[in-house]
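Peer 1: Position 52 (the sequence shown) corresponds to 52 in the UniProt record's numbering; numbering is contiguous.
Yeah, the Cβ is synthetic: ideal placement off N, Cα and C, and Gly gets one too.
All of these numbers come straight from a predicted model, not from anything done at the bench.
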Amino acid sequence: MGMQINLQGKNVLITGAAKGIGRELAITAAENGANVAVHYRESEQEALQTVKEIEKLGVKVSAIQADIGNFEEVREMKDNLDKKFGQIDRIVNNAGWAQLKSFFQYEPEEWKREVDVCFHGVLNLAYTFIPTMKENNNGKFINIVGDSARTGDRNLIVSAAARNGAISFLKSLAKEVGRNNIQCNTISLGMIDQGRLNEELLNKIIKQYPMKRLGGASDVVGAVLFMLSEDADWITGQVLSVNGGHSMIG
Ligand SMILES: NC(=O)c1ccc[n+]([C@@H]2O[C@H](COP(=O)([O-])OP(=O)(O)OC[C@H]3O[C@@H](n4cnc5c(N)ncnc54)[C@H](OP(=O)(O)O)[C@@H]3O)[C@@H](O)[C@H]2O)c1
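#1: Is Asp67 near ligand 1 - that is, is its Cβ less than 6 angstroms away from at least one heavy atom of it?
#2: Under the criterion of a Cβ to heavy atom distance below 6 angstroms, does Asp111 qualify as lining ligand 1?
#3: Taking 6 angstroms as the cut-off, is the C-beta of residue 251 nearer than that to any heavy atom in ligand 1?
#4: Pull up the CB-CB distance for residue 253 and Val74, whole angstroms please, since I reckon it's below 8 angstroms.
#5: DSSP has Phe141 in a bridge; who is on the other side?
#6: Do Ala95 and Gly16 have their CB atoms nearer than 7 angstroms?
#7: Verify the contact flag: Asn94, CB atom, against every heavy atom of ligand 1, threshold strictly below 6 angstroms.
#8: How many angstroms separate the CA atom of Thr132 from the CA atom of Leu13?
#9: Could you spell out the range, first to last residue, of the alpha helix (DSSP H) harbouring Leu25?
#10: Taking only the alpha-carbon atoms, compute the straight-line gap between Lys84 and Leu202 and give it to the nearest angstrom.
#11: Taking 6 angstroms as the cut-off, is the C-beta of Met191 nearer than that to any heavy atom in ligand 1?
#12: Residue range of the beta strand (DSSP E) that Tyr127 falls in?
#13: From Glu55 to Ile91, what does the alpha carbon distance come to, in whole angstroms?
#14: Is it the case that the region 53-70 contacts the region 23-40, given that we only count it when at least three CB pairs across the two stretches are under 8 angstroms?
#15: Take the Cβ of Lys204 as the centre, count every other Cβ of all protein chains shown within 10 Å, and call the residue buried at 16 or more, exposed below.
#16: Looking at C-alpha atoms only, which residue of Gly250, Ile21 and Leu7 is the closest neighbour of Thr151?
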């Protein structure tokens, strides 16, 4: 028999869970017993749809809106979630915002938003939610980034830098909160096919992948659910790439 992921009774906040990878993570976490807070920013209808899907699984579920780049909104989100769930035990920060262009195409005021979401968003969530995890002597924080954060990418230059900062932040935080039985890890993704690329571009990109295909949302969930489970209690401060071998970092 294969290993079972048990998230029974754990209250998990997944940011950016209305659609895409976040939606898949929210549904599969619920399938493995977790109660799920489905966070969204603009995609309210899709978030409610995800909630509907999860309700069928018989776990607690609720949609919650916030701009994670705004500290006050994150604090309000925690107050609301505490009322609904008691407390949040685990966070998967899957929300992200990036612009695809070279550095010199930016106007100076344009890079702030990426840093707000991809870097400050992580600090805002950690600062707000980890104190309760410390009180409970139990918690996990998982941040999702792209491999660009590890390798650099000239067309994702600002978000990659912001997320590399988030990787470093979580390593330091892991050292601070390990004594409280809290684990902080990063999952770094290769390109996940969301059906947005034309075939010519797709074939060009696939050549860079040893597995000769892009990932799907279902390729991502196993690693994240494992990191959320008690089987990963001795893994902290790490970065795990789930990327079809696109980059291999020693
Ligand atoms: N898809 C890929 O190939 C790939 C590759 C590497 C890394 N990643 C990363 O994996 C994660 C999921 O990817 P994805 O393609 O499924 O989704 P995505 O469209 O990149 O982003 C997920 C969600 O982030 C939310 N978001 C954006 N700005 C926000 C803010 N200020 N506050 C709160 N939420 C905000 C949006 O929610 P609303 O729609 O509700 O506004 C969006 O739906 C992202 O972090 C992405 O950067 C993806």
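Peer 2: Answer, in terms of the structure:
#1: Result yes, Cβ under 6 angstroms from ligand 1.
#2: Note on residue identity: the sequence assigns Trp, not Asp, to residue 111. Relative to ligand 1, even the nearest heavy atom lies 6 angstroms or more away from the CB of Trp111.
#3: In the structure displayed, the chain extends from 1 to 250; residue 251 sits before or after that span and is not available.
#4: A query on residue 253 cannot be resolved here, the shown segment of the chain reaching from 1 to 250 and no further.
#5: Partner(s): Ile91 and Cys184.
#6: Yes, the Cβ-Cβ distance between Ala95 and Gly16 is below 7 angstroms.
#7: Taking 6 angstroms as the cut-off, the C-beta of Asn94 counts as close to a heavy atom of ligand 1.
#8: Approximately 14 angstroms between the Cα atoms of the pair.
#9: For Leu25, the enclosing alpha helix (DSSP H) stretches over residues Gly20 to Glu31.
#10: Rounded to whole angstroms, Lys84 to Leu202 spans 43 angstroms at the Cα level.
#11: The answer is yes for Met191.
#12: No beta strand (DSSP E) holds Tyr127; the alpha helix (DSSP H) holding it covers Gly121 to Asn136.
#13: One C-alpha to the other measures close to 20 angstroms.
#14: Per the Cβ contact rule, the region 23-40 is in contact with the region 53-70 (3 or more Cβ pairs under 8 angstroms).
#15: Around the beta-carbon of Lys204, fewer than 16 other beta-carbon atoms lie within 10 Å, marking it exposed.
#16: Closest in alpha carbon position to Thr151, among Gly250, Ile21 and Leu7, is Gly250.
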